[in-house]
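Those protein sequence lines, which keep their order, are chains X and S.
Here my numbering runs 2 ahead of the position in the first sequence, where the first position is 1.
Here my numbering runs 3 ahead of the position in the second sequence, where the first position is 1.
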Amino acid sequence: MNPTPDGFSTRSLGGKKASGRKGRLAKKSVKNKRPSSVKRIKATTIEGGKDVTISKSFQLRSLQRAWNRFHAGSLSHWTTTIIIALSLTIFGAFTLLLSNANTALEQWTGDNLITVFLEENTTIHQMEEIQNRIAQNPGVDQLSVVSPAQAMGRMKNMLGSEAGLLDNLSENPLPYSIEFRLHDKKYEKTANLAFKIGTWLGVEAVSYDQQWAEKLAAVIRTFRFVGSVLTLLLLTAVALIISNTIKLTIIARRDEVEVMRFMGATDSFIKTPFIYEGVLQGLLGAIGALLLTSLLYWGADGATTELGSAFGIFIELHYLQVNQLLLIMALGIFLGLTGALISLSRFLEI
Amino acid sequence: MIKFHNVSMRYPSGYEALKGVSFALSKGSFYFLTGHSGAGKTSILKLIYRAERPSGGAVLIGGRNVDQLTKKQLPLLRRSIGVIFQDYKLLYDRSVYDNVALAMEVAGQNPDHIHGQVLRTLESVGLRDYTHQNPISLSGGEQQRVAIARATVNRPSLVIADEPTGNLDREMGRRIISLFQTLHKQGTTILLVTHDIDLVKECGHPHIEMVGGEITKMPKSARLSEDS
Ligand SMILES: Nc1ncnc2c1ncn2[C@@H]1O[C@H](COP(=O)(O)OP(=O)(O)OP(=O)(O)O)[C@@H](O)[C@H]1O
Ligand SMILES: [Mg+2]
């Protein structure tokens with residue numbers, strides 16, 4: 003394989019096959035070939051209790067070796083990465099759903115409009131009295147009367163191209179109504195006031211947007227709770243699965259651990275390569291999860307836009323916020339790290 | 004440097020590999036350890052770097068009972084000993100260079116010094132041109148020399164070698180022995196396990212002989228004196 007005979011110290015430096023790195027190595031070794039340099043090698047005594055610092059070059063090479071194992075298609079590495087990717091995708095999809103629902107909720111409650119529909123035979127006097135009584139409540143704003151003609155105009159606007167249908171009506175069937183907004187957007191406040199106004203003479207019905215909002219908020223609250231619990235369970239399960247697969251890699255690399263032990267490696271030194279691998283698996287898993295949630299998002303956005311346009315409303319989903327993206331990345335790293343630490347603490351006793 | 008006080012050792016299987024072994028090797032000495040297969044030679048080395056613990060008696064290295072070392076001290080003991088394993092224990096997921104450099108990294112050596120020292124050591128075992136190869140592609144003798152380079156790269160004060168010439172032809176075996184002799188001249192204490200009686204005779208270093216877990220022959224210099 004290599005034509006050079008085995009020689010000792012006498013052979014000239016600088017290999018015949020001068021590859022890039024080799025050339026560099028040769029030069030360096032010539033430079034270091036001073037007899038005094040031998041003395042710089044640190045003598046180890048049992049007395050010197052100082053902890054070993056793990057060199058950057060060793061850390062870099064550990065990372066490189068971890069990456070090489072992915073490259074070589076190590077089954078357990080990919081299993082771990084895929085499990086992390088899938089679980090974080092579930093988490094990401096849930097986050098996407100809740101965060102979009104939340105936005106929808108905020109948009110609803112953004113306009114806390116209450117509409118009081120009056121009975122058909124209400125007099126102007128009664129109407130003014132109702133207006134006054136409403137105005138006496140705290141936080142009432144933008145109180146105004148909507149005439150049947152105005153109401154008809156709005157309806158035509160809403161119907162757009164179908165507005166022609168309304169032209170066939172012989173008389174305007176819409177009643178007078180009073181609209182106002184309430185500063186305090188709490189559901190109970192709105193609901194109580196609406197109920198009170200509904201009992202007044204001359205009032206036909208009271209409607210308010212928050213009825214929708216409140217239902218949506220309740221659904222979101224439930225989902226968030228269930229989602230948090232499920233996420234916690236999911237992540238715990240995933241951390242355990244990962245610790246198990248990492249355990250397998252530690253067992254497969256018992257020799258490496260043993261050799262390092264016998265050479266006098268500290269625990270933290272032995273752990274370093276495994277921790278790097280865990281973190282790398284977590285990071286790659288998180289990146290996978292972000293790709294998958296992006297796909298889900300594009301799919302869902304297209305579908306809801308289509309669905310929305312069928313009902314004449316414009317729905318646009320938003321993607322995960324930067325902090326949510328960072329959270330997923332952090333969770334991935336956390337999972338890889340925890341998995342590695344759990345298995346290391348349990349299986350590194352030699 | 005090394006003292007065994009009436010040491011016995013039992014493997015978990017219940018087999019008693021060593022039965023009341025006593026000897027003392029002074030600092031800077033060079034001893035051969037010989038004996039039939041299964042005599043307990045490897046077991047003695049394992050006790051020195053504390054891969055195993057004695058079931059009776061005491062093992063002292065540099066005046067310290069290795070059985071009483073704390074979790075912090077044990078790595079320091081091991082770093083002061085260069086071990087050449089019978090089965091090499093090389094790592095096949097990295098280059099020859101990385102295998103040897105690992106010993107220096109483990110010991111927390113200054114990264115600036117690792118490079119030159121690793122190359123010098125590889126040069127001294129005749130593997131300068133193999134630095135970037137994977138040890139799996141090396142012959143048995145070449146792998147053995149990688150193991151020797153790894154064990155000596157930190158200039159440990161004690162080198163224990165389990166059949167370091169076992170896989171080498173006569174010529175290469177002699178070269179390796181002269182390498183150990185160079186280390187010895189520089190003050191390193193050396194304990195070398197071998198089957199090669201010719202080699203022992205040729206070198207003229209004292210030798211300890213074992214049979215069935217007991218020492219049957221050793222020079223006066225290795226006897227444990229009463230007061231120690
Ligand atoms: N891990 C172990 N568990 C149980 N018995 C063991 C173990 N290792 C070694 N032994 C036994 O202890 C005895 C001594 O083993 P040891 O390895 O010390 O022999 P050795 O002198 O090095 O032999 P060789 O020259 O063949 O390497 C042998 O009989 C062996 O079978
Ligand atoms: Mg043996």
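The beta carbon of each residue, even a glycine, is placed where N, CA and C say it ideally should be.
Item                                                                                                                                                                                          : Value
Pull the bridge partners of S146(X) from the DSSP assignment, please.                                                                                                                         : E181(X)
For the segment 231-308 of chain X, which segments carrying the beta strand (DSSP E) assignment without a break, of at least 3 residues, lie completely within its bounds, in sequence order? : none
Within the continuous beta strand (DSSP E) that includes E108(S), where are the two ends?                                                                                                     : Where E108(S) is concerned, there is no enclosing beta strand (DSSP E), although the alpha helix (DSSP H) it sits in stretches over V99 to V109.
For A151(X) and S101(X), I'd like the C-alpha separation in whole angstroms.                                                                                                                  : 40 Å
In the DSSP assignment, the alpha helix (DSSP H) including G334(X) goes from what residue to what residue?                                                                                    : V324 to F349
Considering just the uninterrupted stretch of the beta strand (DSSP E) at E121(X), what are its terminal residues?                                                                            : Premise fails: E121(X) is in no beta strand (DSSP E) and is neither H nor E.
Going by Cα to Cα distance, which pick from I344(X), V281(X) and G204(X) is closest to A332(X)?                                                                                               : V281(X)
Under the DSSP definition of a beta bridge, which residues are partnered with F7(S)?                                                                                                          : F26(S) and V62(S)
Which residue wins for smallest C-alpha separation from L297(X), given the options L62(X), H127(X) and L98(X)?                                                                                : L98(X)
Curious, which full-length alpha helix (DSSP H) runs of at least 4 residues does the segment 58-90 of chain X contain?                                                                        : 58-73
Counting pairs of Cβ atoms below 8 Å between the segment 265-276 of chain X and the segment 69-89 of chain S, do you hit three or more?                                                       : yes
Would you report the Cα separation of S57(X) and L105(S), rounded to the nearest angstrom?                                                                                                    : 11 Å
Tell me the rounded alpha-carbon separation between E19(S) and I151(S).                                                                                                                       : 30 Å
Pull up the CB-CB distance for M3(S) and K44(S), whole angstroms please, since I reckon it's below 8 Å.                                                                                       : Nothing about residue 3(S) can be reported from this structure: the residues present for chain S run from 4 to 231 only.
According to a CB-to-CB cut-off of less than 9 Å, which residues of the segment 104-115 of chain S neighbour chain X?                                                                         : A104, L105, A106, M107, E108, V109, A110, G111, Q112, N113, P114 and D115
Looking at the unbroken alpha helix (DSSP H) that takes in H210(S), where does it start and where does it end?                                                                                : From DSSP, H210(S) is part of no alpha helix (DSSP H) but of the beta strand (DSSP E) over H210 to V214.
Whole angstroms is fine: what's the gap from F276(X)'s alpha carbon to H79(X)'s?                                                                                                              : 11 Å
Out of curiosity, what's the CA-to-CA distance linking R63(X) and D96(S)?                                                                                                                     : 11 Å
Mind checking which residues open and close the beta strand (DSSP E) that includes S140(S)?                                                                                                   : Segment: none, S140(S) is in no beta strand (DSSP E) and carries neither H nor E.
Alpha carbon to alpha carbon, how far is F227(X) from N137(S)? Give it in angstroms, no decimals.                                                                                             : 54 Å
Going by C-alpha distance, which of T91(X), H73(X) and F60(X) is nearest Q326(X)?                                                                                                             : T91(X)
Considering only residues of the same chain and omitting the five flanking positions on each side of T340(X), which have a CB-CB separation below 7 Å?                                        : A241
Do the segment 244-252 of chain X and the segment 51-69 of chain S make contact, defined as three or more Cβ pairs closer than 8 Å?                                                           : no
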